[in-house]
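S.K.: Structure incoming, see below.
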Amino acid sequence: MIEAVVAGLAGLLIGSFLNVCIYRLPRDLSVVAPRSHCPKCEEPIAWYDNIPVVSYLALRARCRKCGWRIPVRYPLVELATGALFFLAVYLNGLSPVAVKQCVFAALMVELAVSDLETMILPDEFTLGGALLGLAFAFWAPIEPGIVTLLLGGRLGPVGASVAESLVGAVFSAGALSFVAWLYEKARGREGLGLGDVKLIGLMGAFLGLHNTLFALILGSVAGSIIGLGWALVRRKSIATTEMPYGTFLCAGALVVAFVRPYAG
Ligand SMILES: [Zn+2]
183 MIEAVVAGLA GLLIGSFLNV CIYRLPRDLS VVAPRSHCPK CEEPIAWYDN IPVVSYLALR
243 ARCRKCGWRI PVRYPLVELA TGALFFLAVY LNGLSPVAVK QCVFAALMVE LAVSDLETMI
303 LPDEFTLGGA LLGLAFAFWA PIEPGIVTLL LGGRLGPVGA SVAESLVGAV FSAGALSFVA
363 WLYEKARGRE GLGLGDVKLI GLMGAFLGLH NTLFALILGS VAGSIIGLGW ALVRRKSIAT
423 TEMPYGTFLC AGALVVAFVR PYAG
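The sequence shown lines up with residues 183 to 446 when you count with our numbering.
As structure tokens, this is what we get:
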């Protein structure tokens, strides 16, 4: 329990860094320098005004200097990351699976919110995340799937896990590229971007092929229902409603990753 609480606190800090990434990466700014400042008055933010969630409440959501309204996204991202880190360690103890879940959760929170706010899925997180997923396959094995079924005997457990990760990344990204191509042919406009394809590749590298397909179905169904509801409320056509598809994919992948952890 105490480990889970410490993980949750670490998650709050990581969430604070994710907020920086969400703001800066789509604008091609460095996430390291300069240190945090108010986007409006550019005043550097003192450490005591930069404590996750606490400072937001203490400042009543305003910049101390200019009164700029801090978006509620900041504490929400911190809380979501903290809660997911807590859950990962609470459910799995301090284990490779828990560490892998924490890293995956951080990637998903950043990408979900980035897509929602800017419609951009930064390569640092999609491609960088896919490489991380591949690296994790050596240490925290992926649930056996089609590769293990066909070649498991020859590859051994670690080899099979890494192969599942590779196949998951390549085939998921390939399948979504095909769907995107079909959609464009049928509708004459782009429905899915290259960012979505890289995102699904990252999920494949972490979760393997069949779990990524679960995530895809879950995200698509949820996205369609919410998109349709949104279009009805706004009295707009569903065909012209811009959907942050990546956000729903990330949500689906988080559910799959936490409901179906695989501990080797
Ligand atoms: Zn300010």
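We put the beta carbon where it would ideally sit given N, CA and C, even for glycine.
1) Can you name the start and end residues of the alpha helix (DSSP H) that V340 belongs to?
2) In chain order, what residues have a CB nearer than 6 Å to some heavy atom of ligand 1?
3) Is the beta carbon of R442 closer than 8 Å to that of E346?
4) My output table needs one value for P278: the three-state DSSP class, helix, strand or coil.
5) I need the boundaries of the alpha helix (DSSP H) containing E372, first residue and last residue.
6) Taking only the alpha-carbon atoms, compute the straight-line gap between A439 and A280 and give it to the nearest angstrom.
7) Counting beta carbon pairs with one atom in the region 265-272 and one in the region 225-242, are three or more of them shorter than 8 Å?
8) Is DSSP giving P226 helix, strand or coil here?
9) Got a sec? Which residues, its chain only, sit under 8 Å from S218 by beta carbon, not counting five neighbours each side?
10) Expressed to the nearest angstrom, what Euclidean distance is found between the alpha-carbon atoms of G311 and V188?
11) If you drop the 5 nearest sequence neighbours on each side, which residues of the same chain put their C-beta closer than 6 Å to that of C245?
12) Taking just the CA atoms, how far does V403 sit from V437?
13) Of all the options A186, G334, L207, L333, which has the alpha carbon lying nearest to the alpha carbon of Y272?
14) Name the DSSP beta bridge partners of R244, please?
15) Classify V460 as buried or exposed, calling it buried when 16 or more other Cβ atoms lie within 10 Å of its own Cβ.
16) Take every Cβ of the region 356-370, pair it with every Cβ of the region 281-293, and state whether three or more of those distances are shorter than 8 Å.
17) Within the chosen definition, does the region 293-311 reach the region 192-208 through at least 3 CB pairs nearer than 8 Å?
M.R.: Concretely, from the data shown:
1) It spans 328-369 - the alpha helix (DSSP H) in which V340 sits, taken as one unbroken run.
2) Any residue whose Cβ sits closer than 6 Å to a heavy atom of ligand 1 makes the list: C220, K222, C223, E225, C245, K247, C248, W250.
3) Cβ atoms of E346 and R442: not closer than 8 Å.
4) Three-state DSSP puts P278 in a helix.
5) Per DSSP, E372 lies in no alpha helix (DSSP H) segment and is marked neither H nor E.
6) In a straight line, the C-alpha of A439 is about 11 Å away from that of A280.
7) Short answer: they don't touch.
8) Three-state result, P226: strand.
9) If the five residues before and after S218 are omitted, its C-beta is found closer than 8 Å to the C-beta atoms of V202, P226, I227, N232, all from its own chain and listed in chain order.
10) Approximately 24 Å between the Cα atoms of the pair.
11) Cβ neighbours of C245 beyond the five flanking positions: C220.
12) Taking the straight line joining both Cα atoms gives about 13 Å.
13) Ranked by Cα distance from Y272, the options A186, G334, L207, L333 are led by A186.
14) Its beta-bridge partners are R251.
15) Since the first and last residues shown for the chain are 183 and 446, residue 460 lies out of range.
16) With the cut-off at 8 Å, the region 356-370 and the region 281-293 do not touch.
17) Counting Cβ pairs under 8 Å, three or more are found: they touch.
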